[in-house]
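Asks: First the structure, then my questions, so here it is.
Number of protein chains: 2
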Amino acid sequence: MASENLLIHIRKFVPLSKTEEELLLPYLKNISLKKKEHILKEGQICTANYFVVKGCMRMYFITEQGTEQIVQFAIDNWWLADLMSLDAQKPSQFNIQAIEATEVIALDKNIQEELFTKVPKMERYFRIILQKAFAASVMRFRYIFTQSGEERFHHFITSFPDFVQRVPQYMLASYLGFSAEFLSKLRAKKNI
Amino acid sequence: MASENLLIHIRKFVPLSKTEEELLLPYLKNISLKKKEHILKEGQICTANYFVVKGCMRMYFITEQGTEQIVQFAIDNWWLADLMSLDAQKPSQFNIQAIEATEVIALDKNIQEELFTKVPKMERYFRIILQKAFAASVMRFRYIFTQSGEERFHHFITSFPDFVQRVPQYMLASYLGFSAEFLSKLRAKKNI
DNA sequence: CGCGACGTTGATTTGCCTCAACGATTGTGG
DNA sequence: CCACAATCGTTGAGGCAAATCAACGTCGCG
Numbered sequence: 227m228a229s230e231n232l233l234i235h236i237r238k239f240v241p242l243s244k245t246e247e248e249l250l251l252p253y254l255k256n257i258s259l260k261k262k263e264h265i266l267k268e269g270q271i272c273t274a275n276y277f278v279v280k281g282c283m284r285m286y287f288i289t290e291q292g293t294e295q296i297v298q299f300a301i302d303n304w305w306l307a308d309l310m311s312l313d314a315q316k317p318s319q320f321n322i323q324a325i326e327a328t329e330v331i332a333l334d335k336n337i338q339e340e341l342f343t344k345v346p347k348m349e350r351y352f353r354i355i356l357q358k359a360f361a362a363s364v365m366r367f368r369y370i371f372t373q374s375g376e377e378r379f380h381h382f383i384t385s386f387p388d389f390v391q392r393v394p395q396y397m398l399a400s401y402l403g404f405s406a407e408f409l410s411k412l413r414a415k416k417n418i
Numbered sequence: 227m228a229s230e231n232l233l234i235h236i237r238k239f240v241p242l243s244k245t246e247e248e249l250l251l252p253y254l255k256n257i258s259l260k261k262k263e264h265i266l267k268e269g270q271i272c273t274a275n276y277f278v279v280k281g282c283m284r285m286y287f288i289t290e291q292g293t294e295q296i297v298q299f300a301i302d303n304w305w306l307a308d309l310m311s312l313d314a315q316k317p318s319q320f321n322i323q324a325i326e327a328t329e330v331i332a333l334d335k336n337i338q339e340e341l342f343t344k345v346p347k348m349e350r351y352f353r354i355i356l357q358k359a360f361a362a363s364v365m366r367f368r369y370i371f372t373q374s375g376e377e378r379f380h381h382f383i384t385s386f387p388d389f390v391q392r393v394p395q396y397m398l399a400s401y402l403g404f405s406a407e408f409l410s411k412l413r414a415k416k417n418i
């Protein structure tokens, strides 16, 4: 069952009683996405927070030059949403798309408040998750500002060796902030 | 009174009762920092979350080449901390320093848990703050990846015109991800 | 099979860095 | 209160990392 994966993840950060778990379950909605299917498109309002049970997703936007720019990936046990749009309920500036066939659990914004009052530990859970996500993004700034493209690539493949196999190279290049051609040349140089 | 500023800020996001406010106050510690004074240095463990009541701070680190790289600023009504170090209680990879004379309120980590159980609304407050901070950092990635140095500079000075006066140019350049010389040339070109 | 998606390779260009030298301003100790 | 040192900003020359553009190979899939 998909929601069991989420429960396992939550338990890593907050202890949930049996009754709290049962209170939580009705708030969750299972969604299956095909490869390349979108769950959010630019201009739409983001209505939910998405937990990836199994699969891989990306959040990206289209630049003025018409190219795709990826800002985030999410794989198993990661949350993903356009929090800006979700919070303000304004049109999103991003797209969220499944890279491979993906199962997600959606937690709708309009019932989230209710959940937090019924199960305050869920608010705590999200506080902790967000704190870690924000801390990670500070580290990402650190890498972007100080490492060359080559160093960033090397750092990424050693940190997430499994991940590299799952996404097309041009997406990885986009996420790391350089061109697909440049990544191809890096590979050639390093005989990877 | 310094803590009144914090209370005003909290009330923008969660309604606090009189008793809750009184419960909160003993957890806060006022600190005054002189210009250039550090409240966290690389290698130390970050023990608290800092709320800037009045003033301006920066979080930065020293690169391998020996230059400073700024990752975050904080002015009035912003929180600042190395959340990585704070969470894991491991030595920090960053420095936090007052750019001008600054008053901060510290919320110590080791009593934070206790506060959250006594006043759950504070956990909610931080969940909301972190969500906004994380959303903002996603937008910052967007700008970094798609805009040229010149565009980023222009975007920043129009978004935070007041802020530009308060920090030395070389710090602004560092935060925006380019060299101080480059910023100087931008200014010359634009007659600012 | 044929087309679209993905990756490669080379030639050329460019945005920004680095280094160095030089004003201008601020602040501090004698 | 002045002298001198930091600190901060400016300007120019030269260089490099990575982008852009274009053409071509290859694989998987409808």
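One line per chain: the protein sequences are W and F, in this order.
Going by the working numbering, the first residue of the first sequence is number 227, and it counts up by one from there.
Going by the working numbering, the first residue of the second sequence is number 227, and it counts up by one from there.
Each residue gets a CB set at the ideal place from its N, CA and C atoms; glycine is no exception.
Could you check the C-alpha separation between W:M227 and W:W304 for me, to the nearest Å?
Replies: Taking the straight line joining both Cα atoms gives about 17 Å.
Asks: Can you check whether the C-beta of F:P241 is within less than 9 Å of a C-beta belonging to chain W?
Replies: no
Asks: Using the Cα positions of W:A414 and F:M285, report the straight-line distance between them to the nearest angstrom.
Replies: 38 Å
Asks: Run through the region 229 to 303 of chain W for me and flag every whole beta strand (DSSP E) of 3 or more residues, listed as ranges in chain order.
Replies: 254 to 259, 264 to 266, 274 to 280, 282 to 288 and 294 to 301
Asks: Report the three-state DSSP secondary structure of F:E340 (helix, strand or coil).
Replies: helix
Asks: Are at least three pairs of beta-carbons, each pair with one atom in the region 280 to 298 of chain F and one in the region 348 to 368 of chain W, less than 8 Å apart?
Replies: Cβ pair count under 8 Å is three or more, so yes.
Asks: How about F:M283 and F:A324: do their beta carbons lie closer than 9 Å?
Replies: yes
Asks: What span of residues does the alpha helix (DSSP H) with F:I383 cover, start to end?
Replies: F:I383 -> alpha helix (DSSP H) spans G375 to S385.
Asks: Name the chain W residues that come within less than 8 Å of F:S363, Cβ to Cβ?
Replies: F360, S363, V364 and F367
Asks: Counting only Cβ pairs nearer than 8 Å, list the residues of chain W close to F:D313.
Replies: Here the neighbours are Q357, K358 and A361.
Asks: Residues of chain F with CB closer than 7 Å to the CB of W:E268, please, in chain order.
Replies: Ordered by position in chain F, no residue passes the 7 Å Cβ test against W:E268, which lies about 12 Å from the chain.
Asks: Tell me the DSSP secondary structure of W:V330 in three-state form.
Replies: DSSP places W:V330 in strand when its eight states are reduced to three.
Asks: For the beta strand (DSSP E) containing W:A422, list its first residue and its last residue.
Replies: The structure shown has nothing for residue 422 of chain W, since chain W only spans 227 to 418.
Asks: Given 8 Å as the limit, is there contact between the region 353 to 360 of chain W and the region 244 to 258 of chain W, that is, 3 or more CB pairs closer than that?
Replies: No, they do not touch.
Asks: Using 8 Å for Cβ pairs, my map puts W:I383 next to W:P317. What's the rounded Cβ distance?
Replies: The pair is not a contact, with the Cβ atoms about 35 Å apart (cut-off 8 Å).
Asks: By the three-class DSSP mapping on this structure, what secondary structure does W:P317 have?
Replies: strand
Asks: Tell whether a beta-carbon distance below 9 Å holds between F:R350 and W:F239.
Replies: no
Asks: Using only the alpha-carbon positions, how far apart do W:R378 and F:E340 sit?
Replies: 40 Å
Asks: With 9 Å as the threshold, decide whether the Cβ of W:I370 is near any Cβ in chain F.
Replies: yes
Asks: Quick one: what's got a C-beta closer than 8 Å to W:G281's C-beta in the same chain, skipping five residues either side?
Replies: L259, I301, D302, A324, I325, E326, A327, T328, E329 and V330
Asks: Taking the alpha-carbon of F:S374 as reference, which of F:L250, F:S229 and F:L412 has the nearest alpha-carbon?
Replies: Measuring from the Cα of F:S374, the nearest candidate turns out to be F:L412.
Asks: Compare the beta carbon distance of W:A361 and F:L309 with 9 Å and say whether it is the shorter of the two.
Replies: yes
Asks: Under 8 Å Cβ to Cβ from W:K344, same chain only, skipping five residues before and after it: list those, please.
Replies: L249
Asks: Using the Cα positions of F:R392 and W:N275, report the straight-line distance between them to the nearest angstrom.
Replies: Straight-line Cα distance between these residues: approximately 38 Å.
Asks: Give the single residue among W:T293, W:K347, W:G403 and W:S405 whose Cα lies nearest to the Cα of W:L242.
Replies: W:K347
Asks: Buried or exposed, going by whether 16 or more other CB atoms sit within 10 Å of the CB of F:I236?
Replies: buried
Asks: Is the beta carbon of F:G458 less than 9 Å from the beta carbon of W:F371?
Replies: Any property of residue 458 of chain F remains undetermined from this structure, which presents chain F solely from 227 to 418.
Asks: What residue does the alpha helix (DSSP H) around W:F367 start on, and which one ends it?
Replies: P346 to T372
Asks: Locate the alpha helix (DSSP H) running through W:S405, then write down its first and last residues.
Replies: Element bounds for W:S405: n/a, residue is neither H nor E.
Asks: Under 9 Å between beta-carbons, which chain W residues line up against F:P346? List them in chain order, please.
Replies: P346, E349 and R350
Asks: Taking the C-alpha atoms as reference points, what is the distance between F:I322 and W:T273?
Replies: Roughly 37 Å separates the two Cα atoms.
Asks: In whole angstroms, give me the CA-to-CA distance for F:H381 and F:A399.
Replies: 13 Å
Asks: Any beta carbon of chain F sitting closer than 9 Å to that of W:V297?
Replies: yes
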